[in-house]
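Asker: After the structure tokens below, expect a handful of questions from me.
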Amino acid sequence: MPNPTVFITGATSGIGRATALLLGNAGFRIIAAGRRTERLEELKTLLPAGNVHTLEFDVRDKAAVKNAIETLPETWKNIDVLINNAGNAHGLSDIQNGNVDDWDLMIDINVKGLLYVSREIIPGMIANGGGRIINIGSIAGKEVYPNGNVYCASKFAVDALSKAMRLDLLKEGIMVSEINPGMVETEFSEVRFKGDKEKAAQTYKGMEPLRPEDIADVIHFTLTRPKHVNLADILILPAAQASTTLSIRK
Ligand code: NDP
Ligand code: 8X3
5 MPNPTVFITG
15 ATSGIGRATA
25 LLLGNAGFRI
35 IAAGRRTERL
45 EELKTLLPAG
55 NVHTLEFDVR
65 DKAAVKNAIE
75 TLPETWKNID
85 VLINNAGNAH
95 GLSDIQNGNV
105 DDWDLMIDIN
115 VKGLLYVSRE
125 IIPGMIANGG
135 GRIINIGSIA
145 GKEVYPNGNV
155 YCASKFAVDA
165 LSKAMRLDLL
175 KEGIMVSEIN
185 PGMVETEFSE
195 VRFKGDKEKA
205 AQTYKGMEPL
215 RPEDIADVIH
225 FTLTRPKHVN
235 LADILILPAA
245 QASTTLSIRK
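For the sequence shown, the numbering used here begins at 5 and goes up steadily by one.
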């Protein structure tokens with residue numbers, strides 16, 4: 005049997021990229037998805053030849069998601085593991101001043117995007133007799149923090165959907181895990197603050213955040229347990245974080 009094929013959304017940056025690199029270099033076959041073509045091309049050069057296939061699409065675009073997955077080459081059609089990672093926060097504001105376009109982005113990407121990709125991939129997994137799904141949630145899907153409102157709501161939705169998938173897909177032989185990081189230094193804060201690198205850096209100033217490789221490590225660990233073990237719901241925090249952003253030891 006060939007090595008498992010892992011479909012990773014948001015593989016162009018941060019947690020997704022680190023996961024593609026770790027798993028790809030550990031022998032997994034990687035389907036790496038994202039919007040930035042040049043990043044996907046770069047990823048190809050960093051993984052064993054023939055071990056990576058790239059797909060460029062926006063998870064918000066239902067038709068593009070469907071087309072990308074339906075037109076996978078025959079040798080890449082059988083997906084063993086789906087890692088729903090693509091997502092971001094857009095803005096940080098109290099609810100009364102929230103930017104509704106930011107709200108649309110977070111709900112469309114973090115919630116609807118995850119659903120569109122899952123809906124396209126799950127039937128193939130069922131036809132193959134099973135598979136695995138790892139959803140990247142967040143501590144923000146377990147606790148709400150001031151001004152986090154809609155981002156937190158989108159991650160609470162990921163938490164609910166992970167639980168729902170675990171229930172619905174049990175009979176289909178699909179194991180569902182949710183990995184919920186605290187603060188990880190990636191492009192996350194740069195995206196949240198619309199490219200303001202200085203503001204983004206302030207988020208992690210004076211404390212040691214997690215690195216994307218820490219999350220990749222946990223994903224690898226989750227995927228390499230014996231067949232009867234499911235790490236269903238993992239919260240992983242930096243040593244300097246006890247709760248959401250208000251409780252950070254600096
Ligand atoms: P990054 O900004 O570094 O990476 C986000 C990834 O998502 C990129 O690869 C990006 O690719 C992709 N993405 C964003 N929007 C879209 C879209 N519309 N269509 C397709 N792909 C998209 O952030 P992280 O690595 O930190 O974030 C990854 C996940 O981890 C997210 O779900 C986030 O909510 C979660 N998380 C992050 C934490 C943190 O502190 N960093 C903590 C807890 C959870 P591209 O732009 O090329 O499309
Ligand atoms: C990202 C973690 O606390 O910055 O999901 O929202 S947090």
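Even glycine gets a Cβ: it sits at the ideal position worked out from N, Cα and C.
Suppose only complete runs of 3+ residues qualify. What are the beta strand (DSSP E) ranges in the stretch 11 to 66, listed by chain order?
Answerer: Counting whole runs of 3 or more residues, the stretch 11 to 66 contains the beta strand (DSSP E) stretches 33 to 38, 56 to 60.
Asker: Let me know the secondary structure DSSP gives isoleucine 126 once reduced to three states.
Answerer: helix
Asker: Taking DSSP as the reference, what is the three-state secondary structure of methionine 5?
Answerer: Note that methionine 5 scores a pLDDT of 48, beneath 50, so its modelled location is shaky; the value from the coordinates is reported in the next line. Correct three-state label for methionine 5: coil.
Asker: Assuming leucine 47 contacts arginine 21 under a Cβ cut-off of 8 angstroms, what Cβ separation, rounded to an integer in Å, is found between them?
Answerer: Yes, they are in contact, since the Cβ atoms of leucine 47 and arginine 21 sit about 7 angstroms apart, within 8 angstroms.
Asker: Would you check if there are 3 or more beta carbon pairs closer than 8 angstroms linking the stretch 150 to 166 to the stretch 214 to 221?
Answerer: Because the criterion of three Cβ pairs below 8 angstroms is not met, the stretch 150 to 166 and the stretch 214 to 221 do not touch.
Asker: Helix, strand or coil for leucine 96? Go by DSSP, reduced to three states.
Answerer: Residue state, collapsed to three classes: coil.
Asker: Check each residue's C-beta against every heavy atom of the ligand 8X3 and list, in chain order, those closer than 5 angstroms.
Answerer: Taken from the N-terminal end onward, the list reads Ser142, Ala144.
Asker: Here's a check: name, in chain order, each residue in its chain whose Cβ is nearer than 7 angstroms to the Cβ of isoleucine 73, leaving out the five neighbours to either side.
Answerer: Non-local beta-carbon contacts of isoleucine 73 in its own chain, meaning distances under 7 angstroms to residues more than five positions away in sequence, involve Glu124, Ile125 in chain order.
Asker: Quick one, which of Arg136, Val56, Ala15, Lys116 has its alpha-carbon nearest arginine 34's?
Answerer: The residue you asked about is not arginine; residue 34 is isoleucine in the sequence shown. Ranking the options by Cα distance to isoleucine 34, first place goes to Val56.
Asker: For alanine 93, count neighbouring Cβ atoms within 10 angstroms of its own Cβ and tell me buried if that reaches 16, exposed if not.
Answerer: buried
Asker: For threonine 228 and threonine 23, I'd like the C-alpha separation in whole angstroms.
Answerer: 14 angstroms
Asker: Rounding to the nearest angstrom, what Cα-Cα distance links valine 115 and proline 230 in this structure?
Answerer: 30 angstroms
Asker: With a threshold of 8 angstroms, are at least 3 pairs of Cβ atoms found where one atom belongs to the stretch 132 to 146 and the other to the stretch 85 to 92?
Answerer: yes
Asker: Counting along the chain, where does the beta strand (DSSP E) carrying proline 185 start and finish?
Answerer: 178 to 185
Asker: Which word fits proline 150, buried or exposed, when buried means at least 16 other C-beta atoms lie within 10 angstroms of its C-beta?
Answerer: exposed
Asker: How big is the Cα-Cα spacing for aspartate 172 and alanine 36?
Answerer: In this structure, the alpha-carbon of aspartate 172 lies about 26 angstroms from that of alanine 36.
Asker: For leucine 239, name the three-state secondary structure that DSSP assigns.
Answerer: strand
Asker: Who are the near neighbours of phenylalanine 225 in its chain, counting only those whose CB is closer than 8 angstroms to its CB and skipping five residues on each side?
Answerer: Same-chain partners within the cutoff: Leu235.
Asker: Quick one, are the C-beta atoms of valine 63 and tyrosine 120 less than 8 angstroms apart?
Answerer: yes
Asker: Take isoleucine 113 and list the residues in its own chain whose beta-carbon comes closer than 7 angstroms to its own, dropping the five residues that flank it on each side.
Answerer: Val63, Arg64, Ala90, Gly91, Asn92
Asker: If valine 188 and isoleucine 19 are in contact, beta carbons under 8 angstroms, what's the gap, nearest whole angstrom?
Answerer: 6 angstroms
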